[in-house]
Amino acid sequence: MSIINYRYCQLNAEAHKQPLDYGTGELYSSAEVHSVLRIAEAPGITVTEISHLGGRTKSAVSQIVTRLENRGLVVRKKGPNRGVGLFVTDKGQALCDAYSAYIEQKMPPLMERYVERFGQEAMDAFYSIMESMS
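Quick note on the numbering used here: the sequence shown kicks off at 4 and runs consecutively.
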(Lines of atoms letter the chains of each structure in order from A and count residues from 1; the text may use other names and numbers.)
(Lines give C-alpha, C1' and ligand atoms only; values in the text may rest on other atoms or scores of the structure.)
Protein backbone atom coordinates (compact mmCIF):
# COMPACT_ATOMS: atom_id res chain seq x y z
CA MET A 1 0.00 0.00 0.00
CA SER A 2 2.81 2.42 0.75
CA ILE A 3 4.16 2.03 -2.80
CA ILE A 4 0.72 2.79 -4.22
CA ASN A 5 0.40 5.83 -1.97
CA TYR A 6 3.87 7.04 -2.96
CA ARG A 7 3.07 6.60 -6.66
CA TYR A 8 -0.17 8.55 -6.26
CA CYS A 9 1.73 11.38 -4.59
CA GLN A 10 4.33 11.34 -7.38
CA LEU A 11 1.69 11.47 -10.11
CA ASN A 12 -0.16 14.27 -8.34
CA ALA A 13 3.02 16.29 -7.84
CA GLU A 14 4.05 15.76 -11.47
CA ALA A 15 0.64 16.87 -12.72
CA HIS A 16 0.90 20.10 -10.75
CA LYS A 17 4.40 21.04 -11.97
CA GLN A 18 3.24 22.11 -15.41
CA PRO A 19 2.04 25.74 -15.49
CA LEU A 20 -1.38 26.16 -17.10
CA ASP A 21 -3.42 28.92 -18.69
CA TYR A 22 -6.70 28.91 -16.80
CA GLY A 23 -8.28 31.28 -19.32
CA THR A 24 -6.41 34.51 -18.62
CA GLY A 25 -3.82 34.20 -21.37
CA GLU A 26 -1.00 33.72 -18.82
CA LEU A 27 0.58 30.59 -17.39
CA TYR A 28 0.39 29.94 -13.64
CA SER A 29 1.74 27.11 -11.53
CA SER A 30 -0.61 25.18 -9.29
CA ALA A 31 1.08 26.71 -6.22
CA GLU A 32 0.55 30.21 -7.59
CA VAL A 33 -3.12 29.83 -8.48
CA HIS A 34 -3.95 28.05 -5.23
CA SER A 35 -2.16 30.74 -3.23
CA VAL A 36 -4.19 33.44 -4.96
CA LEU A 37 -7.37 31.47 -4.25
CA ARG A 38 -6.44 31.13 -0.58
CA ILE A 39 -5.77 34.89 -0.31
CA ALA A 40 -9.06 35.69 -2.05
CA GLU A 41 -10.92 33.44 0.40
CA ALA A 42 -9.31 35.13 3.42
CA PRO A 43 -8.41 38.75 2.66
CA GLY A 44 -5.68 39.96 5.00
CA ILE A 45 -4.24 36.47 5.54
CA THR A 46 -0.54 36.45 6.37
CA VAL A 47 2.32 34.49 4.84
CA THR A 48 2.66 32.58 8.11
CA GLU A 49 -1.03 31.63 8.08
CA ILE A 50 -0.81 30.41 4.49
CA SER A 51 2.26 28.40 5.45
CA HIS A 52 0.40 26.67 8.28
CA LEU A 53 -2.68 25.97 6.17
CA GLY A 54 -0.84 24.75 3.10
CA GLY A 55 1.92 22.65 4.59
CA ARG A 56 4.67 24.75 3.00
CA THR A 57 7.52 26.53 4.69
CA LYS A 58 7.17 30.22 5.38
CA SER A 59 10.11 30.82 3.04
CA ALA A 60 8.44 28.91 0.18
CA VAL A 61 5.18 30.80 0.66
CA SER A 62 7.06 34.10 0.80
CA GLN A 63 8.75 33.30 -2.52
CA ILE A 64 5.40 32.45 -4.12
CA VAL A 65 3.82 35.63 -2.76
CA THR A 66 6.70 37.72 -4.12
CA ARG A 67 6.10 36.21 -7.58
CA LEU A 68 2.38 36.94 -7.24
CA GLU A 69 3.12 40.55 -6.28
CA ASN A 70 5.48 40.94 -9.23
CA ARG A 71 2.76 39.63 -11.53
CA GLY A 72 0.21 42.08 -10.11
CA LEU A 73 -2.04 39.43 -8.55
CA VAL A 74 -1.71 40.30 -4.85
CA VAL A 75 -0.64 43.21 -2.69
CA ARG A 76 0.64 43.41 0.86
CA LYS A 77 -1.09 45.93 3.09
CA LYS A 78 -0.57 46.76 6.71
CA GLY A 79 -3.59 45.59 8.67
CA PRO A 80 -4.94 47.13 11.85
CA ASN A 81 -4.12 44.17 14.10
CA ARG A 82 -2.09 41.53 12.31
CA GLY A 83 0.77 43.36 10.69
CA VAL A 84 1.05 42.88 6.95
CA GLY A 85 -1.80 41.05 5.27
CA LEU A 86 -2.28 39.87 1.71
CA PHE A 87 -5.07 40.92 -0.62
CA VAL A 88 -5.90 40.03 -4.23
CA THR A 89 -5.91 42.72 -6.88
CA ASP A 90 -8.48 42.96 -9.65
CA LYS A 91 -6.11 40.86 -11.77
CA GLY A 92 -5.90 38.30 -8.96
CA GLN A 93 -9.68 38.15 -8.70
CA ALA A 94 -9.89 37.68 -12.47
CA LEU A 95 -7.56 34.67 -12.11
CA CYS A 96 -9.79 33.25 -9.35
CA ASP A 97 -12.84 33.65 -11.57
CA ALA A 98 -11.06 32.10 -14.56
CA TYR A 99 -9.88 29.19 -12.41
CA SER A 100 -13.43 28.54 -11.19
CA ALA A 101 -14.73 28.49 -14.76
CA TYR A 102 -11.84 26.21 -15.80
CA ILE A 103 -12.61 23.75 -13.01
CA GLU A 104 -16.34 23.79 -13.75
CA GLN A 105 -15.55 22.89 -17.36
CA LYS A 106 -12.80 20.30 -16.82
CA MET A 107 -13.89 18.43 -13.69
CA PRO A 108 -17.32 16.96 -14.54
CA PRO A 109 -16.09 14.81 -17.47
CA LEU A 110 -13.11 13.66 -15.40
CA MET A 111 -15.33 12.76 -12.44
CA GLU A 112 -17.71 10.88 -14.73
CA ARG A 113 -14.81 8.76 -16.01
CA TYR A 114 -13.71 8.03 -12.44
CA VAL A 115 -17.22 7.00 -11.39
CA GLU A 116 -17.54 4.75 -14.45
CA ARG A 117 -14.21 3.11 -13.68
CA PHE A 118 -14.36 2.84 -9.88
CA GLY A 119 -18.02 3.30 -8.91
CA GLN A 120 -19.72 6.02 -6.90
CA GLU A 121 -19.13 4.30 -3.56
CA ALA A 122 -15.36 4.17 -4.10
CA MET A 123 -15.30 7.81 -5.18
CA ASP A 124 -17.30 8.85 -2.12
CA ALA A 125 -14.85 6.96 0.10
CA PHE A 126 -11.87 8.57 -1.65
CA TYR A 127 -13.26 12.08 -1.17
CA SER A 128 -14.16 11.32 2.43
CA ILE A 129 -10.53 10.36 3.08
CA MET A 130 -9.21 13.41 1.24
CA GLU A 131 -11.55 15.73 3.14
CA SER A 132 -10.46 14.31 6.49
CA MET A 133 -6.83 15.11 5.60
CA SER A 134 -7.46 18.81 5.00
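Glycine included, C-beta positions come from ideal geometry on N, C-alpha and C.
What you are looking at is a predicted structure, and each value in this text was computed from that prediction instead of being measured.
- It is roughly 18 Å from the alpha-carbon of Glu29 to the alpha-carbon of Lys109.
- Looking at the DSSP output, Ile48 bridges to Leu89.
- Scanning the stretch 58-137 for uninterrupted alpha helix (DSSP H) segments of 4 residues or longer gives 61-73, 93-121, 123-136, listed from N- to C-terminal end.
- Residue burial annotation: Val91 is buried, with at least 16 other C-beta atoms found within 10 angstroms of its C-beta.
- At a Cβ-Cβ threshold of 8 Å, Gly88 and Lys80 count as neighbours.
- Cβ atoms of Val68 and Ser38 come within 8 Å of each other, at about 7 Å.
- Thr51 sits exposed, since fewer than 16 C-beta atoms from the chains shown fall within 10 Å of its C-beta.
- Around the C-beta of Glu35, 16 or more other C-beta atoms lie within 10 Å, and the residue is accordingly described as buried.
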